[in-house]
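**Q** Below are the structure tokens for one structure; questions will follow.
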Amino acid sequence: MTTVNTPLNPGPVLPDLETVPDRFARSSWFRHDRFGMFIHWGAYAVWARGEWVRSHEKVDADAYQDAVDRFGAEHFDPETWADLAVAAGMKYAVLTAKHHDGFCLFDSALTDYTSMRNGIGRDLVREFLDAFRSRGIKVGLYYSLLDWHHPDYPHYGDENHPHRDDPAHAGHVSDLDSYRRFLHGQIREVCTNYGSLDILWFDFSYAGMGPAQWGAQEIVDMVRVLQPDALMDNRLETSGGGLGSIATTAPNPYSGDFVSPEQVIPVEGIRGQDGAPVPWEACVTLNNSWGYCADDDLWKTSQQLITKLVECVAKGGNLLLNIGPKPDGTLQPEAEERLRAIGAWLDINGESIHGAGPAGLGTPEWGYYTRTENAVYAHVLRAPTGPLALAGGIPKDRIARMTSLADGRELQLCDSWVIDSYPHLPFIQFGEIGHHTYPLPDPVDTVVKIELRDEGPA
Ligand code: GLC
Numbered sequence: 134m135t136t137v138n139t140p141l142n143p144g145p146v147l148p149d150l151e152t153v154p155d156r157f158a159r160s161s162w163f164r165h166d167r168f169g170m171f172i173h174w175g176a177y178a179v180w181a182r183g184e185w186v187r188s189h190e191k192v193d194a195d196a197y198q199d200a201v202d203r204f205g206a207e208h209f210d211p212e213t214w215a216d217l218a219v220a221a222g223m224k225y226a227v228l229t230a231k232h233h234d235g236f237c238l239f240d241s242a243l244t245d246y247t248s249m250r251n252g253i254g255r256d257l258v259r260e261f262l263d264a265f266r267s268r269g270i271k272v273g274l275y276y277s278l279l280d281w282h283h284p285d286y287p288h289y290g291d292e293n294h295p296h297r298d299d300p301a302h303a304g305h306v307s308d309l310d311s312y313r314r315f316l317h318g319q320i321r322e323v324c325t326n327y328g329s330l331d332i333l334w335f336d337f338s339y340a341g342m343g344p345a346q347w348g349a350q351e352i353v354d355m356v357r358v359l360q361p362d363a364l365m366d367n368r369l370e371t372s373g374g375g376l377g378s379i380a381t382t383a384p385n386p387y388s389g390d391f392v393s394p395e396q397v398i399p400v401e402g403i404r405g406q407d408g409a410p411v412p413w414e415a416c417v418t419l420n421n422s423w424g425y426c427a428d429d430d431l432w433k434t435s436q437q438l439i440t441k442l443v444e445c446v447a448k449g450g451n452l453l454l455n456i457g458p459k460p461d462g463t464l465q466p467e468a469e470e471r472l473r474a475i476g477a478w479l480d481i482n483g484e485s486i487h488g489a490g491p492a493g494l495g496t497p498e499w500g501y502y503t504r505t506e507n508a509v510y511a512h513v514l515r516a517p518t519g520p521l522a523l524a525g526g527i528p529k530d531r532i533a534r535m536t537s538l539a540d541g542r543e544l545q546l547c548d549s550w551v552i553d554s555y556p557h558l559p560f561i562q563f564g565e566i567g568h569h570t571y572p573l574p575d576p577v578d579t580v581v582k583i584e585l586r587d588e589g590p591a
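So the number in the numbering used here is just where the residue sits in the sequence shown, counting from 1, plus 133.
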């Protein structure tokens with residue numbers, strides 16, 4: 134099989150990925166694996182109105198105790214979740230160890246507000262880590278920088294706290310030094326007591342609560358010592374809407390290792406000011422909710438989700454796809470159905486996603502290109518009316534072999550008269566010459582593996 138060595142489309146000379154310090158060495162597995170599972174689970178699932186219910190409905194801690202007390206994880210089986218992640222073709226997984234409500238799914242010496250002491254009596258984080266690691270899935274923990282339960286976290290006047298505009302709390306004085314000690318202490322616990330972590334997913338900075346307030350430099354210094362191989366996202370200094378300094382020529386030490394766009398796929402991927410690609414991961418929900426929301430039935434189709442995964446990889450990023458388990462630990466059937474459909478597609482087409490990235494070609498009107506070291510992959514999302522133009526810069530004379538992954542058929546370059554006007558452009562002939570309408574083998578995304586010669590014929 135020929136290998137692709139010569140750059141298809143030299144384009145502008147970009148800094149070599151490997152010359153960008155650290156971040157690329159640490160993230161090579163991340164940029165290979167491309168597809169992960171996000172899991173938003175906690176006491177908020179009991180009320181089934183999403184993970185921001187305390188803030189949105191301005192619920193005080195005493196009233197929220199109902200959710201904490203009734204959060205039972207009765208049917209929580211992390212082995213089932215891990216098996217589903219494998220079936221979905223997900224190569225890493227990130228669980229909310231603590232969300233903004235402050236309730237911890239892990240054992241902490243710094244608070245009783247945990248699943249060890251609320252009646253569940255289980256370290257849910259440890260069980261999650263054990264189950265997913267046992268299947269070779271890399272593991273990460275989401276940890277909320279916000280903590281609406283902690284007495285020293287800003288209350289009245291804060292942008293998001295449940296008591297932000299409650300006059301009864303106008304006299305509350307937050308003690309950020311005390312909160313930072315708690316925050317750093319818990320991050321130390323998570324980084325010390327649970328083995329090697331592959332990702333620490335912090336969330337999130339906002340007006341008035343950012344790197345200085347979190348003590349971001351100390352957090353990163355601690356993580357880099359305790360978990361030197363762990364990747365961190367960029368939300369110690371921004372939110373899902375921002376880049377932070379990671380994309381600048383002078384990134385802060387706490388800028389993270391990847392950008393974490395939320396519910397949006399970056400229009401053209403993400404590059405730094407120096408033009409070098411920046412690792413990124415779009416986090417996306419299956420419906421419109423992160424935490425379990427019973428009446429959110431706006432489920433994305435598996436076709437949409439597959440094409441979003443392809444788009445992420447074609448643009449040099451990852452997709453972190455979220456599930457929001459019910460309070461008892463079971464999943465909604467719609468979620469499971471979509472993950473299994475994505476996995477079935479990846480079983481056939483995974484080589485165009487896992488280990489793949491941008492092809493360095495123009496974007497064709499029918500879909501996307503991804504590329505590995507050995508081949509270019511044409512992701513045909515829209516059926517052609519006749520031969521399919523491989524527009525974007527694939528040199529016609531270097532095409533050695535084309536194969537449809539869906540059915541293994543070898544495809545030919547078209548030499549029909551209908552494309553006489555485009556002598557230099559390669560076209561794929563899917564059907565017989567003259568049959569100008571034919572079904573693509575995969576109505577969701579027909580992937581054509583295009584193997585290239587190192588150079589054209591003499
Ligand atoms: C937003 C949501 C938060 C969720 C996060 C995931 O920040 O507010 O609840 O955990 O997105 O990226």
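No residue lacks a Cβ here, since even glycine has one placed at the ideal position from N, Cα and C.
Being a predicted model, the structure only gives us computed values, none of them experimental.
1) Would you give the residue range spanned by the alpha helix (DSSP H) that Arg250 belongs to?
2) Got a sec, what are the start and stop residues for the beta strand (DSSP E) Phe204 sits in?
3) Is Trp104 near the ligand GLC - that is, is its Cβ less than 6 angstroms away from at least one heavy atom of it?
4) Distance, Cα to Cα, Pro300 vs Tyr286?
5) What would DSSP say about Thr135, mapped onto helix, strand or coil?
6) Assuming contact is defined by CB atoms lying nearer than 7 angstroms, are Arg313 and Gly348 in contact in what I supplied?
7) Just checking Cys426 against the ligand GLC - is the residue's beta carbon closer than 6 angstroms to any of the ligand's heavy atoms?
8) What residues match up with Ile532 in a beta bridge as DSSP calls it?
9) Flag Cys237 as yes when its Cβ comes closer than 6 angstroms to any non-hydrogen atom of the ligand GLC, and as no otherwise.
10) For Leu431, which residues in the same chain have their Cβ closer than 8 angstroms to its Cβ, ignoring the five residues on either side in sequence?
11) Quick one: is Ser388 buried, meaning 16 or more other Cβ sit within 10 Å of its Cβ, or exposed?
12) Quick one: any contact between the stretch 294-309 and the stretch 245-260, if contact means 3 or more CB pairs under 8 angstroms?
13) What I want to know is whether the C-beta of Asp430 ends up closer than 6 angstroms to one or more non-hydrogen atoms of the ligand GLC.
14) Does any heavy atom of the ligand GLC sit closer than 6 angstroms to the C-beta of Cys445?
15) Grouping DSSP H, G and I as helix and E and B as strand, with all else coil, what is Thr152?
16) In this structure, how does DSSP classify Pro145 when only helix, strand and coil are distinguished?
17) Is the distance from the Cβ of Leu472 to the Cβ of Ala221 below 7 angstroms?
18) To the nearest angstrom, report how far apart Pro148 and Val411 are at their CA atoms.
19) Could you give the DSSP three-state label for Leu573: helix, strand or coil?
20) If you draw a straight line from the C-alpha of Pro618 to the C-alpha of Glu370, how long is it?
21) Are the Cβ atoms of Gly424 and Ala215 separated by less than 7 angstroms?
22) Considering only the alpha carbon of each residue, which of His189, Lys529, Pro460, Phe391 lies closest to Glu588?
23) Run through DSSP, which three-state label would His189 get?
**A** In short:
1) What you label residue 250 is simply residue 117 of the sequence shown in a count that begins at 1. Note, Arg250: premise wrong, no alpha helix (DSSP H); not H, not E.
2) For the purposes of this step, residue 204 is taken as the residue at position 71 of the sequence shown. It is not in any beta strand (DSSP E) - Phe204 carries neither H nor E in the DSSP assignment.
3) Residue 104 lies beyond the residue range present for the chain, which begins at 134 and ends at 591; the question has no answer from this structure.
4) Residue mapping note: residue 300 aligns to position 167 of the sequence shown, counting from 1. Residue mapping note: residue 286 aligns to position 153 of the sequence shown, counting from 1. Those two C-alpha atoms are separated by around 17 angstroms.
5) The count along the sequence shown starts at 1 and reaches residue 135 at position 2. Note that Thr135 has pLDDT 35, beneath the 50 cutoff, so the model's placement of it is unreliable and the number below is only indicative. The answer is coil: DSSP assigns Thr135 none of H, G, I, E or B.
6) Taking the sequence shown and counting its residues from 1, one reaches residue 313 at position 180. Taking the sequence shown and counting its residues from 1, one reaches residue 348 at position 215. Closer than 7 angstroms, so yes.
7) Position 293 of the sequence shown, counting from 1, holds the residue named residue 426. Answer for Cys426: no, Cβ out of range of the ligand GLC.
8) Along the sequence shown, read from residue 1 onward, the residue named residue 532 stands at position 399. Leu585.
9) Working through the sequence shown from its first residue, we reach residue 237 at position 104. No, the beta carbon of Cys237 sits no closer than 6 angstroms to any heavy atom of the ligand GLC.
10) Within the sequence shown, numbered from 1, the residue matching residue 431 stands at position 298. These residues qualify, in order along the chain: Asn420, Asn421.
11) Locating residue 388 in the sequence shown gives position 255, where the first residue counts as 1. The residue in question, Ser388, is buried, as its Cβ has 16 or more Cβ neighbours within 10 Å.
12) no
13) Counting from 1 along the sequence shown, the entry for residue 430 is found at position 297. Every heavy atom of the ligand GLC is 6 angstroms or more from the Cβ of Asp430, so no.
14) The residue given as residue 445 occupies position 312 in the sequence shown. The answer is no for Cys445.
15) As a working note, residue 152 is residue 19 in the sequence shown. Any reading at Thr152 must be qualified, since the residue scores a pLDDT of 38, below 50, and its modelled position is unreliable; the value itself is stated next. Looking at Thr152 - three-state DSSP - the assignment turns out to be helix.
16) Working through the sequence shown from its first residue, we reach residue 145 at position 12. In this prediction, Pro145 has a pLDDT of 43, which is less than 50 and means its spatial position is unreliable; nothing more can be read from the coordinates.
17) As a first step, residue 472 must be located in the sequence shown, where it is residue number 339. As a first step, residue 221 must be located in the sequence shown, where it is residue number 88. Yes, these two residues count as a Cβ contact at 7 angstroms.
18) Counting from 1 along the sequence shown, the entry for residue 148 is found at position 15. Counting from 1 along the sequence shown, the entry for residue 411 is found at position 278. Residue placement at Pro148 cannot be trusted, given a pLDDT of 42 that sits under 50; what the coordinates show is reported in the next sentence. C-alpha separation (whole angstroms): 11 angstroms.
19) Along the sequence shown, one-based indexing puts residue 573 at 440. Reduced to three states, the DSSP call for Leu573 is coil.
20) Here the chain comprises residues numbered 134 to 591, so residue 618 is not present and cannot be evaluated.
21) What you label residue 424 is simply residue 291 of the sequence shown in a count that begins at 1. What you label residue 215 is simply residue 82 of the sequence shown in a count that begins at 1. Contact flag unset, no.
22) Position 455 of the sequence shown, counted from the start, is the residue given in the question as residue 588. Nearest option by C-alpha distance: Lys529.
23) In the sequence shown, residue 189 corresponds to position 56, counting from 1. His189: helix per DSSP, three-state reduction.
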